[in-house]
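Trainee:
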DNA sequence: CGGGCGGTACACCGATCGGTCTCGGTCCGC
DNA sequence: GCGGACCGAGACCGATCGGTGTACCGCCCG
């Protein structure tokens, strides 16, 4: 019936460990190490998932909603809707805040796409969907804010977002207001607010 | 004496194959497959390099100068120096031209950094140096072009560059003038030409 | 009480990993 | 012509890969 917490616990433990290890060590982490970290036997893992690839896909899938939420882009009804410009800039504030943590390794979806190199991989499909959702949310905010070309602006912001997460994750950039400044410049040029 | 072409041929064949296979299949490609593709025995490879990691680093190292050259950033004395704005925009033209090829997988240096995740890896050191050189060249052109804040502009352009190569390489974006447009917007905002 | 059911533990599979080593051949200078 | 440097082919090493098969255990439900 999956009503209580302990029913799903082995699956959750597995996906929690998968999220962390795949992110920290990359997709090449072994099934053995993964299961050991999760406190789950390989047998159980292969009863829950058809393959390691599916575990990776599922861990990204589960991460997607929380990812959008932390960026402040989810359509929450709690707060009165802040102006689109603020909401967009808030995304980059969050990104920069996350990037200063020393275990930051960049956007997990982009990393998975780069590491897998196969767009047909189940995890790549999930990652591409998450990336598409981000652009779409940017686009909606841009439109709401009266940008001249919402689609162009959204794709520009996505460039900044992924470029910043990749460079910061690789240790090639420290951001420090860089993305917020750049995003603001692009918003201005798009005539938004 | 390493004077003629054939003396260095096994090394070159190996690095050529390494460049291609590491780029296409990622750093997880096996030594066996690598040597087979290069027509070089494992024994020869391990006499030329201490480890697979060193082969990867050397292949990136060798690629670096040609990389900068293809972007049109090398200090060639042949042509009369075009204005900085044009030179910068030319970089993005070249990037977009490269990204339409169906075997395009993004910037090889950024990919290596993402895949390795270890900034101390010899190949990561090479890649970080190449990335630093790109930013520095942007910065020099920005200064030459009278940008208000050359350092800021250079980092912004690097964001665009890496974001675009990552997204295009992952199949999440098709560019189509996007980077050139965006770069031009940033150049304008920086008061450059 | 008994039988599933979900779970762990662990041996095991063939394949492949990075790396070493031996063998035989080819070519070059003496 | 001979010795040695060089190199490709590939066997071999222990470890690990993703994945499976078997046996055993505790727990809940009838």
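Residue numbers (full-length UniProt numbering), protein chains in the order written: chain A, 1 to 193; chain B, 1 to 193.
For each residue, glycine too, the CB sits at the ideal point set by N, CA and C.
Write down the C-beta distance between residue 151 of chain A and residue 167 of chain A rounded to the nearest angstrom, noting that I regard them as a contact closer than 8 Å.
Mentor: Not quite, the Cβ-Cβ distance comes to about 25 Å (not below 8 Å), so this is no contact.
Trainee: Along chain B, in chain order, which residues have C-beta atoms closer than 9 Å to that of residue 160 of chain A?
Mentor: The answer, in chain order, is 156, 159, 160, 163 and 182.
Trainee: Go ahead and label residue 2 of chain A buried or exposed: buried means 16 or more other beta carbons lie within 10 angstroms of its beta carbon, across all protein chains shown.
Mentor: For residue 2 of chain A, the pLDDT reaches just 37, beneath the cut-off of 50, and the residue's location in the model is therefore unreliable, although a value from the coordinates is still provided. That one is exposed.
Trainee: For residue 6 of chain B, would you say it is in contact with chain A, using Cβ-to-Cβ distances shorter than 7 Å as the test?
Mentor: Bear in mind that a pLDDT of 49 at residue 6 of chain B, under 50, signals an unreliable position, so the model cannot answer this.
Trainee: Listed in chain order, which residues of the region 119-147 of chain A have Cβ atoms closer than 9 Å to some Cβ of chain B?
Mentor: Result list: 119, 124, 127, 128, 131, 132 and 135.
Trainee: Leaving out the 5 sequence neighbours to the left and right, which residues in its chain are closer than 7 Å to residue 183 of chain B when beta-carbon positions are compared?
Mentor: So the qualifying residues of the chain are 88, 89, 92, 157 and 160.
Trainee: Counting pairs of beta carbons, one from the region 113-132 of chain B and one from the region 169-182 of chain A, are three or more of them closer than 8 Å?
Mentor: Taking 8 Å as the limit for Cβ pairs, the verdict is that the region 169-182 of chain A does touch the region 113-132 of chain B.
Trainee: Assign residue 14 of chain A to buried or exposed, taking buried as 16 or more other Cβ atoms, counted over all protein chains shown, within 10 Å of its Cβ.
Mentor: That one is buried.
Trainee: I'd like to know whether the C-beta of residue 177 of chain B is nearer than 7 Å to at least one C-beta of chain A.
Mentor: So, not an interface residue.
Trainee: Grab the span of the alpha helix (DSSP H) containing residue 115 of chain A for me, first residue to last.
Mentor: Residues 108-116.
Trainee: Please classify residue 145 of chain B as buried or exposed, where buried requires at least 16 other C-beta atoms within 10 Å of its C-beta.
Mentor: Its Cβ being crowded by 16 or more others within 10 Å, residue 145 of chain B is buried.
Trainee: Taking just the CA atoms, how far does residue 147 of chain B sit from residue 131 of chain A?
Mentor: Each residue's alpha carbon lies about 33 Å from the other.
Trainee: Looking at the structure shown, is residue 1 of chain B part of a helix, part of a strand, or coil, going by DSSP?
Mentor: Residue confidence is low: residue 1 of chain B scores 36 on pLDDT, short of 50, so the model does not pin down where it sits. Its coordinate-derived value is still stated next. If DSSP states are grouped into helix, strand and coil, residue 1 of chain B belongs with coil.
Trainee: Would you kindly work out how many angstroms separate the C-alpha atoms of residue 19 of chain A and residue 21 of chain B, rounded to a whole number?
Mentor: Taking the straight line from one Cα to the other gives about 28 Å.
Trainee: Consider the Cβ of residue 31 of chain B: report whether some Cβ of chain A lies at a distance smaller than 7 Å.
Mentor: Not closer than 7 Å to any Cβ of chain A, the Cβ of residue 31 of chain B fails to qualify, so no.
Trainee: Would you mind telling me which residues of chain A sit closer than 9 Å to residue 25 of chain B, beta carbon to beta carbon, in chain order?
Mentor: Per Cβ cutoff of 9 Å: 117.
Trainee: With 7 Å as the threshold, decide whether the Cβ of residue 185 of chain B is near any Cβ in chain A.
Mentor: Yes, residue 185 of chain B counts as interfacial toward chain A.
Trainee: Just to confirm the assignment, what range does the alpha helix (DSSP H) spanning residue 23 of chain A have?
Mentor: Counting along the chain, the alpha helix (DSSP H) containing residue 23 of chain A begins and ends at 9-25.
Trainee: Provide the residue span of the alpha helix (DSSP H) that contains residue 45 of chain A, from first to last.
Mentor: Run containing residue 45 of chain A: 42-48, per the alpha helix (DSSP H) assignment.
Trainee: For residue 96 of chain B, go through chain A and note every residue whose CB falls closer than 7 Å to its CB, in chain order.
Mentor: Here the premise fails: no neighbours, minimum Cβ distance about 12 Å.
Trainee: For residue 191 of chain B, return the contacting residues in chain A, with the cut-off set at a CB-CB distance below 7 Å.
Mentor: Those within 7 Å of residue 191 of chain B in chain A number zero; the least Cβ separation is about 12 Å.
Trainee: Taking all protein chains shown into account, do 16 or more other C-beta atoms lie within 10 angstroms of the C-beta of residue 106 of chain A, making it buried, or fewer, making it exposed?
Mentor: Per the 10 Å Cβ criterion, buried.
Trainee: Which residues mark the beginning and the end of the alpha helix (DSSP H) in which residue 90 of chain B is found?
Mentor: It spans 84-99 - the alpha helix (DSSP H) in which residue 90 of chain B sits, taken as one unbroken run.
Trainee: Quick one: what does DSSP say residue 6 of chain B is sitting in, helix, strand or coil?
Mentor: Since pLDDT at residue 6 of chain B reaches only 49, below the 50 mark, its modelled position is unreliable, and the value read off the structure follows with that caveat. In the structure shown, residue 6 of chain B sits in coil (DSSP, three-state: anything other than H, G, I, E or B).
Trainee: Assuming the contact rule is C-beta atoms closer than 8 Å, residue 178 of chain B and residue 82 of chain A should be a hit. Round their C-beta distance to whole Å, please.
Mentor: Wrong, their Cβ atoms sit about 27 Å apart, outside the cutoff.
Trainee: First and last residue of the alpha helix (DSSP H) that includes residue 39 of chain A?
Mentor: Where residue 39 of chain A is concerned, there is no enclosing alpha helix (DSSP H), given that its DSSP letter is neither H nor E.
Trainee: By Cβ distance below 6 Å, which residues in the same chain neighbour residue 204 of chain B in space, the five residues on each side in sequence not counted?
Mentor: Given a span of 1 to 193 for chain B in the structure shown, any question on residue 204 of chain B remains unanswerable.
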